[in-house]
Each structure stands twice: as C-alpha cells, then as structure tokens.
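Q: Numbering (the working numbering), first residue to last: 80 to 225. We put the beta carbon where it would ideally sit given N, CA and C, even for glycine. Remember, it's a predicted structure, so these values are computed and weren't measured experimentally. Input: one structure, supplied below.
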C-alpha cells in the first residue's frame with residue numbers, strides 16, 4: 080500500500096513513517112516509480128513502535144528489541160552489552176511505575192463513577208447547593224501522583 084493509505088491505517092503521519100524508515104524500524108519496498116510500497120503486515124509493527132515510543136523508549140532501543148516482538152525465542156543477543164541491559168531494565172522499571180500510576184488513576188475514576196451511579200440510584204441526582212462536585216477554582220480531584 081502507498082504511504083497515504085498506510086498513514087491512515089496506522090494513524091501515523093507520513094513524515095513520521097519516513098522517519099521510522101530512516102531509523103531502520105520499518106522497511107518498505109519501492110515501486111518502479113520510486114514510491115514507497117508498505118506491506119499490510121507493517122501496520123501492527125508501526126502500532127508496536129508507537130506504543131514503545133509512547134512508553135518512553137528511544138528508537139535505538141526499539142530497533143534492538145523489535146525482532147523479539149516477532150520471534151522471541153529465535154533472537155540471539157551477541158551485542159547485548161551491560162549498558163544496553165541496564166538501559167532496558169531502567170526502561171522496564173519506568174514503564175512499571177507508569178502502569179502502576181495509570182492503574183491507580185483508573186481505579187480512582189472507577190470509584191468516582193461508582194459513587195456517582197450509586198448516588199443517582201438513591202435519587203440524589205444532584206447536590207442541593209448547586210455544586211458540580213468541583214472546588215471553587217473549577218478543578219476537580221487531583222489524579223493520583225506517580
């Protein structure tokens with residue numbers, strides 16, 4: 080598929096797709112006219128890359144671990160230096176902390192929703208004072224800290 084369709088299917092800009100290619104994260108074939116031609120199987124790969132980038136991993140680390148996502152048992156790490164392993168451990172620990180924070184925030188939102196639903200079931204659809212549940216400054220409850 081051409082880059083425009085690939086961009087739409089992955090929700091990734093054309094510029095970013097070209098960058099992924101420059102970084103060696105994805106590879107496209109070239110048509111006779113020089114246009115990029117992306118295999119449909121790369122859609123999942125780009126989504127994985129975006130997820131790893133969102134998690135804070137740099138492209139140089141993503142490039143090294145991408146083969147593991149396809150065939151984890153077939154990978155040989157002849158170039159796995161102590162620095163690389165330490166970096167991966169730090170990134171894994173950082174992701175774990177983010178997951179824990181997101182889980183706490185999700186649970187807090189869930190508890191709030193349940194309290195609102197329970198209040199509505201009991202017929203207390205609103206606060207007599209006209210409050211919308213937020214403080215005077217217009218903010219709401221603070222999310223759980225990370």
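Just mark residue 173 as buried or exposed, buried being the case when its beta carbon has 16 or more other beta carbons within 10 Å.
A: To locate residue 173, count along the chain shown from 1; it is residue 94. Residue 173 should be labelled exposed.
Q: Just the Cα atoms here: how many angstroms apart are residue 142 and residue 185?
A: On the chain shown, residue 142 is found 63 positions in, with the first residue counted as 1. On the chain shown, residue 185 is found 106 positions in, with the first residue counted as 1. Straight-line Cα distance between these residues: approximately 31 Å.
Q: So, with DSSP's three-state summary, where would you put residue 109?
A: Sequence index remark: in the chain shown, residue 109 carries index 30 (1-based). Three-state DSSP puts residue 109 in a strand.
Q: Within a Cβ cutoff of 6 Å, which residues of the same chain sit near residue 134, ignoring the five residues on either side of it in sequence?
A: Here residue 134 is taken as the residue at index 55 of the chain shown, counted from 1. Taken in chain order, the residues that qualify are 174.
Q: Three-state secondary structure (DSSP) at residue 177?
A: Residue 177 sits at position 98 when you count from the first residue of the chain shown. Helix, per DSSP.
Q: Which same chain residues end up closer than 7 Å to residue 95 when comparing Cβ atoms and leaving out the 5 residues on each side of it in sequence?
A: Position 16 of the chain shown, counted from the first residue, corresponds to residue 95. None.
Q: For a quick check, are the C-beta atoms of residue 99 and residue 128 less than 8 Å apart?
A: Counting from one through the chain shown, the residue named residue 99 turns up at place 20. Counting from one through the chain shown, the residue named residue 128 turns up at place 49. Yes; because the gap between Cβ atoms is below 8 Å, this pair is in contact.
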